[in-house]
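A.B. asks: The structure that follows is given in the form of structure tokens.
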Amino acid sequence: MDFQVKLKLKNDSEVFKDLKGLQNELIKQFPGLFKDVRDGNTTYSGSISIEFVDELKKGVDFGTALVDDPGTPGGGLTTFVNTKVNGNTVNPYDSRSGVALNTPRETATVARDILHELIHTAGPNHTDDANQATDIQIIATPIMAPDGSLIRVNRILGPGARLDLIIHNIMSYPGIKLNGKPINEYVPNKFDRSKVSPGQILQIIKQIDTDEQKTK
């Protein structure tokens, strides 16, 4: 099964200029999400095409806007969730402590965050959030103080979840602690966050089918 995406991209950033490099990274990374993912005898693949535009029409276009947010350490936001007409924003501004002002984030990282938001579009959530695919579900339990303030969040693998699927999952965050250990420390090499799981693919297919029925 092949997932094909046509993405419109608007650049409202003052610091990020590497649009050709971003296009190349998206084209390279998107198929990698589905590489080696197998569900029984079914294998999956993906392809993405990029169109740079001056305007994104909400409720019409399937697109991403690059918007500088110096006060936020990276990331993005999905503002309208539909597998046909989705809008989201991604922050290309590197606001980490010690980084010079007006420094863009690495192109490959911006591409990964765009794909993270695209996966949100089709249903999958973060690995420690509710309504997640069973094979990557982390159970998060808040530990509260008597005054109602949060002390910490204990996270453990859910029934049927697999650590190897979670640690490389594009919907995981490196700062999440699993059984008291930061999730990126489970990875002996680079924490790449480059895959989806078989359970997430089933979520995506279900969401696509639901949206197809709504628009008929």
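Taking this note's numbering, I'd label the letters of the sequence shown as residues 974 to 1189. For every residue, glycine included, the Cβ atom is placed at its ideal position computed from N, Cα and C. All of these numbers come straight from a predicted model, not from anything done at the bench.
1) Report back the beta-carbon spacing between T1037 and L1050 to the nearest angstrom; my notes put them in contact at under 8 Å.
2) How many Å lie between Q1180 and K981 at the Cα?
3) How is the alpha helix (DSSP H) around G994 delimited, first residue to last?
4) Let's see if you can read the secondary structure: which residues bound the alpha helix (DSSP H) around T1062?
5) Which of helix, strand or coil does DSSP assign to L1074?
6) From which residue to which residue does the alpha helix (DSSP H) around G1172 run?
7) Based on Cα-Cα distance, which residue from K1008, P1046 and N1127 lies nearest to S1068?
8) Is it true that the stretch 1065 to 1082 meets the stretch 1010 to 1017, where meeting means three or more beta-carbon pairs spaced less than 8 Å apart?
9) CA-CA distance, I1139 and F1007?
10) In this structure, how does DSSP classify D985 when only helix, strand and coil are distinguished?
11) How would you write the range of the beta strand (DSSP E) that R1125 sits in, first residue to last?
12) Which runs of the beta strand (DSSP E) at least 3 residues long sit entirely within the stretch 1088 to 1151? Give them in chain order.
13) Leaving aside the five residues before and after L1123 along the sequence, list all residues of the same chain whose C-beta is less than 8 Å from its C-beta, in chain order.
14) What residue from I1087, F1035 and G1044 has the CA that sits closest to L995's CA?
C.D. replies: Concretely, from the data shown:
1) Going by Cβ atoms, the distance from T1037 to L1050 rounds to 10 Å, so no, they are not a contact pair.
2) 21 Å
3) L992 to F1007
4) From DSSP, T1062 is part of no alpha helix (DSSP H) but of the beta strand (DSSP E) over G1060 to V1063.
5) coil
6) P1171 to K1187
7) P1046
8) no
9) 14 Å
10) coil
11) L1123 to L1130
12) 1111 to 1117 and 1123 to 1130
13) P1115, I1116 and M1117
14) I1087
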